[in-house]
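There are 2 protein chains.
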Amino acid sequence: MKQYIAQNKERFFDELFSLLRIPSISAKADHKEDMRRCAERLAALLVEAGADEAQVFPTDGNPVVFGRKTVDPSARTVLVYGHYDVQPPEPLEKWRTDPFEPVIGPDPATGAEAIWCRGANDDKGQLFMHLKAFEYMLSSGQLKHNVKFIFEGEEEIGSPSLPKWMEENKELLAADICLVSDTTMISDKVPSINCGMRGLSYLEVKVTGPDKDLHSGHYGGAVANPINTLCEMIASLHDADNRVAVPGFYDKVVELSAEDRAQLARAPFDLEEYKAFLKIGEVRGETGYTTMERTGIRPCLDVCGIWGGYTGEGAKTVLPSEAHAKISMRLVPNQRSSEITRLFREHFERIAPPYVKVEVKECEGGDGFLIPIGSDAYKAASRAMGEVYGIEPVPARGGGSIAVLAEMQKILGIDPLLMGFGLERDTIHSPNESYLLSQFFAGMESIALFYKYYPAK
Amino acid sequence: MKQYIAQNKERFFDELFSLLRIPSISAKADHKEDMRRCAERLAALLVEAGADEAQVFPTDGNPVVFGRKTVDPSARTVLVYGHYDVQPPEPLEKWRTDPFEPVIGPDPATGAEAIWCRGANDDKGQLFMHLKAFEYMLSSGQLKHNVKFIFEGEEEIGSPSLPKWMEENKELLAADICLVSDTTMISDKVPSINCGMRGLSYLEVKVTGPDKDLHSGHYGGAVANPINTLCEMIASLHDADNRVAVPGFYDKVVELSAEDRAQLARAPFDLEEYKAFLKIGEVRGETGYTTMERTGIRPCLDVCGIWGGYTGEGAKTVLPSEAHAKISMRLVPNQRSSEITRLFREHFERIAPPYVKVEVKECEGGDGFLIPIGSDAYKAASRAMGEVYGIEPVPARGGGSIAVLAEMQKILGIDPLLMGFGLERDTIHSPNESYLLSQFFAGMESIALFYKYYPAK
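Same order as they appear, the protein sequences are chains L and H.
In terms of the working numbering, the first sequence opens at residue 1 and continues consecutively.
In terms of the working numbering, the second sequence opens at residue 1 and continues consecutively.
Spelled out as structure tokens, the structure:
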């Protein structure tokens with residue numbers, strides 16, 4: 001594969017860049033046409049890579065791209081999952097380059113070459129590695145498996161349409177393993193394979209005080225300010241141990257055994273490096289757990305956005321009518337997203353003081369999941385990455401969520417295998433998202449080797 | 001005056017509307033040209049109304065308009081203060097009409113005719129009454145006083161330039177009383193005269209966690225979220241009695257005697273009506289004080305604006321780098337704005353946890369003040385308004401702030417007299433600001449009668 005990359009690099013970039021230039025932002029309704037364009041471009045790339053067929057399927061939301069190559073009906077089938085939608089690029093002023101015009105350039109901190117663009121890693125860059133590893137295996141006559149591809153356009157908004165579409169297309173999607181590159185590894189010196197991901201409950205809350213904005217001089221001190229009230233309500237959502245103070249929140253959380261915690265603690269982690277990377281003076285999390293545990297095996301609650309009152313230039317003295325926040329809760333097995341969403345809603349409505357009204361709107365949700373480490377697929381991935389990186393990958397728990405993979409386990413009975421090649425430095429979901437060329441190429445090599453080591457029968 | 005109004009009403013509207021159409025928003029730097037245009041229009045209107053001269057003076061900020069009419073050098077001089085700048089109109093989507101295109105129309109709730117426009121009341125509408133009362137007194141040969149006018153363009157941002165300009169023009173501004181219409185009365189059935197106003201400290205705070213926006217899945221639970229932290233810090237700014245929990249905040253607050261409180265309690269107030277007007281289930285304020293006292297004689301702290309993270313459409317899962325808030329504190333005699341600003345800054349920096357950095361920026365400030373009730377000017381205003389409204393006005397304490405009037409007392413030695421004709425229904429600083437025609441005309445009549453009853457020598 002190394003040689004194939006060297007010979008075809010420029011074409012790879014051209015093809016990937018044609019995807020990256022399409023602002024396929026699923027969170028924004030006015031990008032519907034971009035979603036369609038991106039799906040069609042992907043289908044074309046699938047056929048160019050050697051798929052027997054590739055189709056763009058409509059769904060209730062954005063289209064799903066499905067493609068397949070049948071090599072041997074009696075062989076095992078690998079289902080590759082990825083998503084072509086991306087996060088909104090805001091805040092725009094923090095980008096050093098145009099968020100939708102990919103460029104290759106050095107990392108200002110390390111000098112390492114990377115692709116800079118929204119989606120360079122998450123997930124266009126990572127799914128593209130699969131297209132090219134497949135192309136290489138097929139064109140070099142080494143492909144022994146049947147391969148199917150499913151690329152959706154709603155991962156960043158919680159995959160609302162895909163479960164229904166999977167239900168309706170179970171036969172089409174039948175496979176032995178689902179290969180996914182949409183996560184990070186610990187570092188490019190310490191490869192890791194995710195053996196679990198967190199679930200998600202994402203809600204938007206609105207606190208309303210008076211029915212109109214008021215002069216803060218005439219009313220301040222006598223009328224509850226909904227921003228102050230929202231702040232107080234949010235502050236009350238954690239207790240002194242930084243545990244989420246929603247009654248029932250931890251009821252279903254699986255406490256890991258000392259042995260399991262020791263196994264996870266094998267992953268190297270340097271707290272000082274971590275703080276220095278983030279430029280923070282201190283970490284903060286649930287009492288009694290390490291930083292890695294806090295993002296891997298423990299749930300949490302974060303305010304992802306807040307707004308209310310006057311946020312423009314200068315000093316406007318207003319006691320506003322409304323205050324808003326977007327709140328995300330990351331969940332662990334066996335917390336159910338639907339139950340946590342309900343518990344949060346009930347709690348938030350219950351703690352609303354009599355001087356405000358609250359509204360809670362559900363935005364997105366999905367359950368977490370665990371992946372068996374002893375499987376053929378895990379072993380093949382571990383051997384493949386070990387060969388590329390020169391060191392055996394560590395099993396790790398991902399803090400993020402790919403809600404739809406838990407659904408896939410339930411609907412199709414297929415376990416996901418998370419071979420992710422992102423790094424923390426890639427700052428996905430943030431300005432200046434990028435993807436190191438070294439990881440981009442190492443990912444392709446690892447995937448090609450996965451096909452080599454994963455038994456075809 | 002009544003007859004004069006009836007004969008000239010259409011011209012009055014045309015003149016006032018020419019001021020209202022200029023978006024003289026002092027909080028926004030890109031409105032400099034509008035400020036200049038508005039100042040020049042005002043100077044022209046002063047001369048048309050009969051001033052001997054009117055000049056637009058440059059300052060370090062927006063220009064000051066000064067005009068005067070000398071009738072009798074041995075007579076008393078009345079200095080009229082007003083401001084031609086307005087608050088930003090946002091949120092724009094809540095306006096029923098264009099915020100800078102005045103229209104006359106009925107109040108949807110009561111049917112009473114009003115002028116609808118940003119600045120219709122605050123303060124273009126109210127200062128305009130002074131131009132026309134002056135014009136009437138002069139043209140009808142009744143004016144016995146010398147009159148000076150000073151109109152500034154920075155009241156809504158705390159009058160940063162006017163004190164220095166007043167220092168440099170003390171002689172020009174020499175007067176016996178400063179007449180101001182920039183406040184409200186209790187209701188159009190219960191006229192009142194403000195005998196004190198609150199001071200203001202307005203600050204902007206910024207809380208920074210990690211130096212970049214992070215994926216809330218990868219870091220959530222382990223890295224402090226600056227929005228959560230800001231909410232906790234804001235929540236901690238009030239204690240269980242809704243007192244401001246900044247150490248030293250109340251040290252200089254003058255506690256009123258039981259007698260003074262009883263005097264202020266004469267003003268009629270219906271809590272149920274108040275709650276119904278604001279559509280709130282409960283009021284909220286400092287334990288031990290009535291609603292009127294909470295806005296009149298007690299200081300308070302409000303968040304006027306808050307923002308951070310993702311505030312667009314849909315669900316973006318981000319652990320943001322920064323969170324911001326604009327915080328206003330209304331002050332009472334003898335709290336000094338400069339001292340309170342310092343106390344707040346020190347407190348806010350002190351309570352910042354080690355996992356965030358905070359910045360506190362001062363935006364605006366000014367002291368409160370009290371006005372002697374026994375003066376000639378107060379008596380003349382009381383008699384004038386009593387005659388127009390058929391009931392003796394009540395002395396009241398205004399909750400708002402006109403920072404520059406305390407400065408004027410100090411620099412020029414002139415007491416302000418606050419004859420305000422606004423009503424709570426006018427929703428100044430909010431969408432759909434308006435000014436009842438009945439108040440607009442009653443104000444002109446009251447001002448004309450003030451000149452009649454205020455001794456000229």
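Glycine included, each C-beta is placed from N, C-alpha and C at the ideal position.
Treat the numbers as computed from the prediction; the structure is a model and nothing was measured.
Residues bridged to residue i [DSSP beta-bridge criterion]
i	result
His130 (chain H)	His130 (chain H) is not bridged to any residue.
Thr77 (chain H)	H:Asn146
Trp95 (chain H)	DSSP output for Trp95 (chain H) lists no bridge partner at all.
Thr295 (chain H)	Note: Thr295 (chain H) sits in no beta bridge, so no partner.
Ile327 (chain H)	H:Leu203, H:Val303
Val487 (chain L)	Lying outside 1 to 457, the shown extent of chain L, residue 487 (chain L) is not represented and no answer is given.
Met197 (chain L)	L:Phe369, L:Gly398
Trp466 (chain L)	What is shown of chain L runs 1 to 457, which leaves residue 466 (chain L) out entirely.
Gln55 (chain H)	H:Phe66
Min CB distance residue i to chain H below 8 Å
i	result
Asn334 (chain L)	no
Leu278 (chain L)	yes
Lys170 (chain L)	no
Cys231 (chain L)	yes
Gly374 (chain L)	no
Cys38 (chain L)	no
Thr341 (chain L)	no
Gly463 (chain L)	No answer is possible for residue 463 (chain L): it lies beyond the span of chain L, which begins at 1 and ends at 457.
Val394 (chain L)	no
Asp176 (chain L)	no
Val71 (chain L)	no
Lys28 (chain L)	yes
Val246 (chain L)	no
Rounded separation between residue i and residue j - CA only
i	j	result
Asp260 (chain L)	Ile371 (chain L)	14 Å
Thr97 (chain H)	Glu113 (chain H)	15 Å
Ser216 (chain H)	Leu256 (chain L)	22 Å
Trp165 (chain L)	Phe149 (chain L)	14 Å
Lys28 (chain H)	Ala448 (chain H)	35 Å
Val80 (chain L)	Leu179 (chain L)	5 Å
Gly50 (chain H)	Glu272 (chain H)	47 Å
Lys326 (chain H)	Gly82 (chain L)	42 Å
Met197 (chain H)	Tyr136 (chain H)	30 Å
CB contact check: residue i to chain L, cutoff 8 Å
i	result
Gly314 (chain H)	yes
Val283 (chain H)	yes
Val303 (chain H)	yes
His218 (chain H)	yes
Ile193 (chain H)	no
Pro108 (chain H)	no
Ser328 (chain H)	yes
Ile428 (chain H)	yes
Gln87 (chain H)	yes
Val223 (chain H)	yes
Cys117 (chain H)	no
Residue closest to residue i, alpha-carbon to alpha-carbon, out of the options
i	options	result
Pro333 (chain H)	H:Gly314, H:Arg383, H:Leu319, H:Asp367	H:Asp367
Pro106 (chain L)	L:Lys326, L:Ala222, L:Leu214, L:Arg425	L:Arg425
Asp30 (chain L)	H:Leu405, H:Met329, H:Glu313, H:Glu322	H:Glu313
Ala265 (chain L)	L:Pro395, L:Ile25, L:Gln7	L:Pro395
Ser434 (chain L)	L:Thr295, L:Arg118, L:Lys452, L:Lys410	L:Arg118
Lys252 (chain L)	L:Thr208, L:Pro299, L:Val223	L:Pro299
Leu173 (chain L)	L:Val78, L:Leu301, L:Ser181, L:Asn62	L:Val78
Glu152 (chain H)	H:Glu392, H:Ser24, H:Leu436, H:Glu359	H:Ser24
Asn432 (chain H)	H:Tyr451, H:Glu168, H:Leu92, H:Arg37	H:Leu92
Thr208 (chain H)	L:Ile280, L:Ile193, L:Ile5, L:Glu364	L:Ile280
Quiz item: So, do the stretch 348 to 359 of chain L and the stretch 222 to 233 of chain L have three or more beta carbon pairs nearer to each other than 8 Å?
Solution: yes
Exercise. Flag this pair as touching only if the stretch 337 to 349 of chain L and the stretch 197 to 207 of chain L have three or more C-beta atom pairs under 8 Å; answer yes or no.
Key: yes
Quiz prompt | Three-pair Cβ contact test at 8 Å for the stretch 236 to 244 of chain H versus the stretch 376 to 388 of chain H | solution = no
Quiz item: So, do the stretch 436 to 446 of chain L and the stretch 274 to 288 of chain L have three or more beta carbon pairs nearer to each other than 8 Å?
Solution: no
Quiz prompt | Segment contact, 8 Å Cβ cut-off, at least three pairs: the stretch 305 to 319 of chain L with the stretch 209 to 223 of chain L | solution = yes
Exercise. Count the CB pairs spanning the stretch 2 to 22 of chain H and the stretch 32 to 47 of chain H that are closer than 8 Å, and state whether there are at least three.
Key: yes
Quiz item: Taking any Cβ of chain B, which residues in the stretch 352 to 370 of chain L have a Cβ under 9 Å from it, in chain order?
Solution: Among the protein chains in the structure shown, which are L and H, there is no chain B.
Quiz item: Can at least three beta-carbon pairs, one atom from the stretch 119 to 136 of chain L and one from the stretch 409 to 429 of chain L, be found at a separation below 8 Å?
Solution: yes
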